[in-house]
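The next block holds one structure in the form of structure tokens; read it before the comments.
Numbering (the working numbering), first residue to last: 19 to 331.
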């Protein structure tokens, strides 16, 4: 810690900004109650109220609400001239601008670029109550981040799994190699169970926290023709030949194509599979809520053939 007398000789020009308070020939008193004594080349500070009386415990400083305190006395948390109040030692700290040239002794042995030099003034002390000191950071409190904002941040970190479509809805391929399904036959749609599991994320800033739980609630299937998207609950069931060609999928995860893909480019259409995710969050202070559903998607191309039975290769 360095007193004003020491730096008054060493870095007076660089630190002139903190001496902007008008001084008289013998003494100068700032509006914040600190008095500069030229003969001693140092500041003397004491807390004063608007009536000139020292504030008692529980009272507020004259500039309004002051949630900061030291030794049972209440102080403004911020002062334009003195900076931010530190509840750990009862002093105000203001980062010097510009910063003085790096000096290992001034930086108390810390490397250049780590921390900064702060003007400090301690209204809780008598006599010398100010100077310059290296600090790792300002006592300015971090902005309070709402829990819902942390929940949004947590949600954004999640990479929601995409569905894994079947390579061939009918489990077979046409002689030319195209995967296919058949007109009027229930075409099952599904995804791998591993892609259909809840996801979780958490974020915190100081005492504020939020946790998001994202759960799959439906599997969707856009058939790729002019029909509307259909959906079912759950990841669906993998079709096998043992189920037979006309059996509907458990849970309703199937769709019947009314026409073939004759005339489509390449004789195939592009179907879109989707997993619908529902996000619920909880946070500190009893907060919580939901976010709009989101859908992760994947596509698959296959033909729809005119046949009355599924040919399994």
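Ideal Cβ positions, reconstructed from N, Cα and C, are used throughout, including at glycine.
How far does the beta strand (DSSP E) with residue i in it extend, from its first residue to its last?
i	result
residue 305	305–323
residue 182	Note, residue 182: premise wrong, no beta strand (DSSP E); not H, not E.
residue 200	198–200
residue 204	204–206
Which partner residues of residue i appear in the DSSP bridge assignment?
i	result
residue 10	With the chain covering only 19 through 331, there is no way to say anything about residue 10.
residue 295	234 and 312
residue 86	93
residue 104	109
residue 124	BP columns for residue 124 are empty, so no partner.
residue 289	318
residue 161	According to DSSP, which records beta bridges pairwise, residue 161 is partnered with nothing at all.
residue 301	228 and 305
residue 134	153
Give the range of the alpha helix (DSSP H) segment to which residue i is assigned.
i	result
residue 112	Careful: residue 112 lies outside any alpha helix (DSSP H), inside the beta strand (DSSP E) at 109–113.
residue 190	First-last for residue 190: undefined, no H or E at that position.
residue 166	165–175
Between the options, which has its C-alpha nearest residue i's C-alpha?
i	options	result
residue 306	282, 266, 228 and 139	228
residue 313	290, 257, 87 and 201	290
residue 138	237, 97, 233 and 218	97
residue 165	315, 301 and 247	301
residue 160	175, 95 and 130	95
residue 130	143, 141, 142 and 152	152
residue 319	103, 119 and 197	197
residue 100	132, 156, 88 and 89	156
residue 261	250, 178 and 187	187
residue 248	274, 143, 163 and 117	274
residue 109	190, 158, 193 and 189	158
residue 266	214, 132, 192 and 203	203
residue 226	171, 194 and 178	171
residue 276	323, 103 and 168	323
residue 310	296, 304, 317 and 316	296
residue 199	136, 259, 232 and 211	259
The region 173–186 in contact with the region 122–134 per 3-pair CB rule at 8 Å: no
Only counting runs of 3 or more residues, tell me where the beta strand (DSSP E) segments fall wholly within the region 208–282, in order along the chain. 217–223, 226–240, 248–250 and 272–274
Count the C-beta pairs between the region 140–156 and the region 276–291 that are closer than 8 Å, then say yes if the count reaches three, no if not. no
Please determine if the region 212–221 and the region 239–248 are in contact, where contact requires at least 3 C-beta pairs separated by less than 8 Å. no
Measuring CB atoms only, is the region 253–266 touching the region 198–217, in the sense that at least three cross pairs come out at less than 8 Å? yes
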